[in-house]
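Trainee:
Numbering (the working numbering), first residue to last: 385 to 754.
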């Protein structure tokens, strides 16, 4: 007999501990699918988010939190035309309003529109979850699991990589480009180093943490396309150090993942100033205050500076193609540098603490296995 209930993690109120509950298995409405979750990522900012201390908007509670996931289709809405029960898929939590795409939430993570939050309250920190069809990508299981021997814990890193790839694709990174990544030692910025190299570009990874920069070097030095710069906080000196690697001409592209604690950093000025004329920069960080930028230099050098939030469908498709062709390597393997820390659903509080502390930063991936 088919089960009617499942175990789900539930945040009943902001600042409260997450508890496990037996809940009815959700049913898919039109435009969605119910998935059996195999692995889901725990963000390094989850503890702050669930405490109401990350950003201006808190999530609606009670809610089952969510993250990118690897799952199998359990049931599909009546309007699904391709997905089938049993199919292996990658899913994501960025959910946009279908009649007003300017409205969006990170379901079970970052709130916003109350109607969207109410509709998508069954997140992936559970045995089963509901996901919009637009945020489901089918995987070639025979290729990535059988031929390439990837596990669900390894594949779920596609969620982090796809964010970085979205920014790199938006500024049209080419194999002939040199790309500055700064700061380069965080969860998402380190993924940008990884992704840019997989796309064939040369990378200048910048950061203050010498140990983390050394780990990046040890992981990717065999590519022959990686250089690192230790940032000092002296903007002219850091700019000169970056430009010296490019033969003093400057880099082509720059992707920024500034964290909240680095809001006063001079690295943005340093990196923008290290771009060649007609260079491009994309901001993807998580800072909630205004920043200074070198206005006159941007204007005189005809630079393009833009923002990028999350990733669209075609960005993840490209990430999956890089994976399937072997250009992108995930998991605890050579040329990946990723250590996976796996937790069971009943250990969710330990997983959230680990993601925020001992397993934070590039080279770590905290994964729940419901």
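Positions of the beta carbon are idealized from the N, C-alpha and C atoms, including for glycine.
All values reported here derive from a predicted model rather than from experimental measurement.
#1: Suppose contacts are defined by Cβ-Cβ distances below 8 Å. Is residue 518 in contact with residue 445 by that definition?
#2: Starting from residue 394, follow the beta strand (DSSP E) in both directions and report where the run begins and ends.
#3: Report the three-state DSSP secondary structure of residue 519 (helix, strand or coil).
#4: Short check: CB of residue 408 to CB of residue 427, under 8 Å?
#5: Assuming residue 589 is part of the beta strand (DSSP E), what are its boundary residues?
#6: Using the rule of at least 16 other Cβ atoms within 10 Å of the residue's Cβ for burial, across every protein chain shown, is residue 683 buried or exposed?
#7: I think residue 493 touches residue 443, with their Cβ atoms under 8 Å apart; what is that distance to the nearest whole Å?
#8: Are the segment 410 to 429 and the segment 522 to 540 touching by the rule of at least three beta carbon pairs closer than 8 Å?
#9: At which residue ranges does the segment 506 to 556 contain complete alpha helix (DSSP H) runs of 4 or more residues, listed in the order of the chain?
#10: Between residue 480 and residue 736, how many whole angstroms is the CB-CB distance? I'm expecting something under 8 Å.
#11: Relative to the C-alpha of residue 546, which residue among 699, 472, 716 and 566 is closest?
#12: Can you check which of these residues, 618, 602, 619 and 617, is closest to residue 611 by C-alpha distance?
#13: Only counting the same chain, and skipping five residues up and downstream in sequence, which positions put a Cβ closer than 8 Å to that of residue 729?
#14: Would you decide whether residue 706 is buried or exposed? Buried here means 16 or more other CB atoms lie within 10 Å of its CB.
#15: Considering just the uninterrupted stretch of the beta strand (DSSP E) at residue 749, what are its terminal residues?
#16: Determine the contact status of residue 416 and residue 524, defining contact as a CB-CB distance below 8 Å.
#17: Which complete alpha helix (DSSP H) runs does the segment 628 to 710 hold, if anything under 4 residues is left out?
#18: Return helix, strand or coil for residue 466, following the three-state DSSP convention.
Mentor: Checking against the coordinates, here is how it stands:
#1: no
#2: 389 to 394
#3: helix
#4: no
#5: 586 to 591
#6: exposed
#7: 7 Å
#8: yes
#9: 536 to 539 and 542 to 554
#10: Incorrect: roughly 26 Å between the Cβ atoms, too far for contact.
#11: 699
#12: 602
#13: 391, 393, 404, 509, 510, 511, 752, 753 and 754
#14: buried
#15: 748 to 753
#16: no
#17: 651 to 657, 679 to 684 and 697 to 708
#18: coil
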